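Engineer: Sharing a structure here in structure tokens format.
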Amino acid sequence: KAGAMQWLVQSLVQNLEVEKDQPSPLLGASSGFMLNLGAVMLQLAHPVIADAEKLKKVDLFYLFANEGKVVFPDDLTKLMPLAYFSSLTSAAGSLPPPAPPAAAASTAEFNFITQSFFLCWRALHLGVVPQCNRYENILRGLNHHHAGLETNDPHAMHYLVLKFGTDAQLLSPDLLQEIVLFCSAASTKLIDTLEPPQHAKNAMDVSAGEVEVNYQDWLCTPEQLTADQKHVLLNLPEHLVDDIMTMLIFVARTDPAILKTASMDSTLSLIVFFLRRPWAIQKPHLRAKFGLTLFHVFLPASARSRGDMWSQNTPVDGPHTNLLSTHIMAQRYMSPGLLLLYG
């Protein structure tokens with residue numbers, strides 16, 4: 001097992017080239033290899049992401065330890081870089097700097113459950129997410145050159161072959177179902193760390209039926225961060241949150257019925273958490289992606305059209321589309337959060 005895990009780690013470490021928009025085929029593995037690696041890692045992590053009790057044993061602080069930094073190097077863009085956080089707190093008043101992780105935590109050894117979960121996340125980032133991002137460009141190119149299909153125009157045929165090849169690789173229902181299950185588990189892990197269940201329960205303890213928002217306190221400030229929240233936000237690679245949104249949007253626009261196979265409650269909770277803390281996300285494109293996820297994943301089918309789809313499938317309702325009307329935190333905080341997001 002140790003040898004197999006080492007091979008998986010090296011497969012990820014040696015293929016950082018594929019993160020680039022135009023990766024060199026001489027320096028990184030093919031997109032097919034990386035996609036297959038992601039599919040293999042999903043199978044390896046399946047017992048973890050399908051079992052809530054095993055998921056609780058995943059240690060998020062793997063990301064900040066020496067072992068995790070082999071796969072998630074320090075130079076990855078952080079969700080809330082220290083310089084950015086310092087500018088926020090200096091504008092609002094001085095805050096003590098975040099405490100560095102304890103040496104024991106940095107050198108800790110982690111169990112197989114934690115290792116397989118985060119190796120899977122990294123493999124999806126390097127293999128599946130780039131394909132999801134390129135898919136829209138392929139469709140855009142095919143639409144632009146579609147008239148040339150009748151005359152075998154090289155540009156048109158190029159995009160057609162790309163689409164068929166990507167469809168065969170990426171649109172497997174079994175693969176998409178595993179991706180959605182992983183996104184659900186990853187959202188749960190993040191939100192349970194950023195806002196532990198008891199903390200969230202206390203925030204929801206109001207009189208029965210009350211969903212009114214106190215517009216003086218719905219927006220959280222950096223000063224309200226706990227030590228654990230601050231540590232996670234300052235050190236969490238930005239792409240981990242981005243990956244969840246990207247993959248869910250892709251599934252919603254290609255095979256939306258699969259969204260019914262996993263709980264999206266934690267994903268919505270994660271979005272609401274950041275809508276209440278817009279300063280915690282430095283990149284505007286990621287904040288905008290929260291809005292896209294709300295639209296494509298959570299909006300009822302009656303409010304969407306076929307024009308939003310990338311396939312012949314149509315939007316469908318399910319437990320995920322009911323959350324906007326049943327998720328208490330979303331009812332209280334989403335409206336002002338979206339008003340702030342879109343101005």
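Last residue of the sequence shown: number 343 in UniProt numbering, and the count goes up by one each step with no gaps. Every residue gets a Cβ at the ideal spot worked out from N, C-alpha and C, and that includes glycine. Model, not experiment: these values are computed from the prediction.
1) Looking at the structure shown, is A39 part of a helix, part of a strand, or coil, going by DSSP?
2) Can you list, in chain order, the residues of its chain with a C-beta nearer than 7 Å to that of K54? Leave out the 5 residues immediately preceding and following it.
3) Please determine, among P23, F273, Q22, the residue with the shortest C-alpha to C-alpha distance to C220.
4) Compare the beta carbon distance of P284 and L76 with 7 Å and say whether it is the shorter of the two.
5) Taking the straight line between their C-alpha atoms, what separation do you get for Q312 and R306?
6) Check whether the segment 319 to 333 touches the segment 251 to 264, counting contact only when three or more Cβ pairs, one atom from each stretch, lie closer than 8 Å.
7) Taking Cβ positions only, does D243 come closer than 7 Å to chain B?
8) Give the range of the alpha helix (DSSP H) segment to which K69 is assigned.
9) Have a look at L190 and L60 and give me their C-alpha separation to the nearest angstrom.
10) Suppose contacts are defined by Cβ-Cβ distances below 7 Å. Is M329 in contact with K289 by that definition?
11) Would you say the beta carbon of A123 is closer than 6 Å to some non-hydrogen atom of the ligand ADP?
12) Determine the DSSP secondary structure at P47, reduced to helix, strand or coil.
13) Can you name, in chain order, every residue of its own chain whose Cβ lies under 8 Å from the Cβ of L323, other than the five neighbours on each side?
14) Tell me whether K78 sits in a helix, a strand or coil according to DSSP, three-state version.
15) Out of curiosity, what's the CA-to-CA distance linking P70 and L292?
16) Is it true that the segment 157 to 168 meets the segment 129 to 147, where meeting means three or more beta-carbon pairs spaced less than 8 Å apart?
17) From T151 to L37, what does the alpha carbon distance come to, in whole angstroms?
18) Taking A252 as part of the alpha helix (DSSP H), name the residues at either end of that continuous run.
19) How many Å lie between F72 and A301 at the Cα?
20) Within 10 angstroms of the Cβ of S325, are there 16 or more other Cβ atoms? Answer buried if so, exposed if not.
21) Between the beta-carbon of I249 and the beta-carbon of H296, is there less than 7 Å?
22) Among the residues of its own chain, which have a CB less than 8 Å from the CB of E109, if the five just before and after it don't count?
23) Let's test the definition: count the other Cβ atoms within 10 Å of the Cβ of residue 377 and tell me whether it reaches 16, buried, or not, exposed.
24) Quick check: the Cα distance between G148 and W310, rounded to an integer number of angstroms?
25) Below 8 Å on the Cβ atoms is my contact criterion, and I expect Q115 with M5 to pass it. Report the Cβ-Cβ distance as a whole number of Å.
Structural biologist: By the coordinates alone:
1) helix
2) P47, V48, I113
3) Checked all of P23, F273, Q22; the closest Cα to C220 is F273.
4) no
5) 8 Å
6) yes
7) No chain B appears in this structure, which consists of one protein chain only.
8) 66 to 71
9) 8 Å
10) no
11) Looking for the ligand ADP in the displayed structure turns up nothing, as the structure carries no ligands at all.
12) helix
13) M264, D265, L268, F298, A330
14) In the three-state scheme derived from DSSP, where H, G and I count as helix and E and B as strand, K78 is classed as strand.
15) The residue asked about is misnamed: residue 70 is Val in this sequence, not Pro. Each residue's Cα considered, the two are about 32 Å apart.
16) yes
17) 37 Å
18) A252: member of the alpha helix (DSSP H) spanning 238 to 254, first to last residue.
19) So the two alpha carbons sit approximately 38 Å from each other.
20) Residue burial is scored here from C-beta neighbours: S325 has fewer than 16 other C-beta atoms within 10 angstroms and is therefore classed as exposed.
21) yes
22) E67
23) Here the chain covers residues 1 to 343 and nothing more, so residue 377 does not appear.
24) 20 Å
25) 6 Å
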